[in-house]
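Residues 93 to 364 (my numbering) are what the sequence shown spells out, left to right. Here a beta-carbon is modelled for each residue, glycine too, at the ideal position from N, C-alpha and C. Below is one structure; the comments refer to it alone.
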Amino acid sequence: MRFIEPHAHMVSRTTDDYLALATAGCEAVCEPAFWAGFDRGSAEGFRDYFCQLTEHEPKRAAKFGLPHFAWLCINPKEAEDLKLAAEVIAIIPEFLDRPNVLGIGEIGLNRNSRNELKVFEQQVDLAARCGQLILVHTPHLEDKLKGTRLIVDAIKSDRRINPARVIIDHVEEHTIELALDAGFWAGITLYPESKCTAARAVDMMEKYGMERLWLNSACDWGVSVPLAVPRAALEMRRRGHSAAAVDRMLHGNPLKFLGQSPKFKLADDGKF
Ligand SMILES: [Zn+2]
C-alpha cells in the first residue's frame, strides 16, 4: 500500500510516528499551520512556527525518507484578535516562496464569529493575490453546518478563486455535499473520538463517489491516530473495494489536488 498523508501536525508528533508512517507506505506528509494547543503571545511566535514548518520539520521528515510540505496562515482559534491577525498575515508572504510551501491553510472558522470571518476573508484574498491553493478547516460539532455555509459562500463570492484549488476539510455527512456541489474538494478527517470513523468515511465514499475527496488523520498534539488513513484502507478492502480503488483514494486523489502546486513532488518516482 502507498498513501499520502495530506493533513498532519507533525511538529507535535514523535519520531516513532514518522517511522510508523514511512513503514506503512506513506510517501509524503503535508502540514497545515494550526493552533498549538495554546495561544501564541505575538506575531513573532508565528514567525518562529513558520520557520519550524518550512525549515526544521522537513529535515526531521527527511530522516525517514518522507518529503514534508506545509501550509501557512493564522488559524481561526487565534483570529479573534484582529491586530495580531493583521501582523501575522503581513509576515506570510515572506515564506510563500519557500520550497515546501503549498498554499494558505488551514484557514476557516471555529466559533463562526464576525472577526474570524473577517480574518478568513483576508486570507482568501491573500491566496487570490498570490495564486495559492487553499486548505479550509471547518468548525466542530454544532457550529459545523453554519460555519461550512459561511465559508462556502465567502469563497464563492470571491470570483478570483477557482474552487478546484480549494479543499474544505473535516467534512461530515451533513456538510460533504455543500463542498462537493460547489466544485470544491472535500477532506474527511479520521479521528478516534470526534469528526469521523473509517466506517463513516467509507459510507460517504460509497454514497458520494471518490471524485474530489481525500482522507486524512489530522494527527496533532491531542488524541489522534497518525495511521488512521492506512487503517481506513483496511475498511475499504473489508467491504470489497479493489486495491486500485484504495490506491486512488489514498494516493491518486491527494496527488491530483496537491499536484496543482508545482512544488508538490514525491521523492523520485514515488519510491524512497
Ligand atoms: Zn489540522
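1. In the DSSP assignment, find the beta strand (DSSP E) that holds Cys288 and state where it starts and stops.
2. With 16 as the cutoff for other CB atoms within 10 Å, does Asp109 come out buried or exposed?
3. What separation, rounded to the nearest whole angstrom, lies between the Cα atoms of Asp173 and Val315?
4. I want to check one thing, is the minimum distance from the CB of His160 to the heavy atoms of ligand 1 below 7 Å?
5. Could you tell me whether any non-hydrogen atom of ligand 1 is closer than 7 Å to the CB of Asp312?
6. Is Phe126 near ligand 1, going by C-beta to nearest heavy atom under 7 Å?
7. Going straight from the alpha carbon of Leu276 to that of Lys155, what length do you get?
8. Do Arg94 and Glu119 have their CB atoms nearer than 8 Å?
9. Measuring only from the beta carbon, is His343 closer than 7 Å to any heavy atom that is part of ligand 1?
10. Of the choices Gly117, Ser104, His148, whose alpha-carbon is the least far from that of Gly129?
11. Do you know offhand how far Leu225's Cα is from Ala219's?
12. Just tell me which of Trp313, Asn167, Arg340, Leu209 has its CA closest to the CA of Glu303.
13. Report the partner residues of Ile280 according to the DSSP bridge assignment.
14. Residues bridged to Glu136 by DSSP?
15. Regarding Glu149 and ligand 1, is the C-beta to nearest heavy atom distance less than 7 Å?
16. Let me confirm a value: Lys363 is counted as buried when at least 16 other C-beta atoms fall within 10 Å, else exposed. Which label applies?
17. So what does Trp163 bridge to, in DSSP terms?
18. Helix, strand or coil: how does DSSP classify Asp261 here?
Here's the rundown:
1. Counting along the chain, Cys288 falls outside any beta strand (DSSP E), and DSSP gives it neither H nor E.
2. buried
3. 27 Å
4. no
5. yes
6. yes
7. Correcting the residue identity first, residue 276 is Phe in this sequence and not Leu. C-alpha separation (whole angstroms): 34 Å.
8. yes
9. no
10. Ser104
11. 7 Å
12. Arg340
13. Leu307
14. Partner(s): none; Glu136 has no beta bridge.
15. no
16. Low confidence applies here, because Lys363 scores a pLDDT of 46, under 50, leaving its location unreliable and the question unanswered by this model.
17. Pro124, Gly195
18. strand
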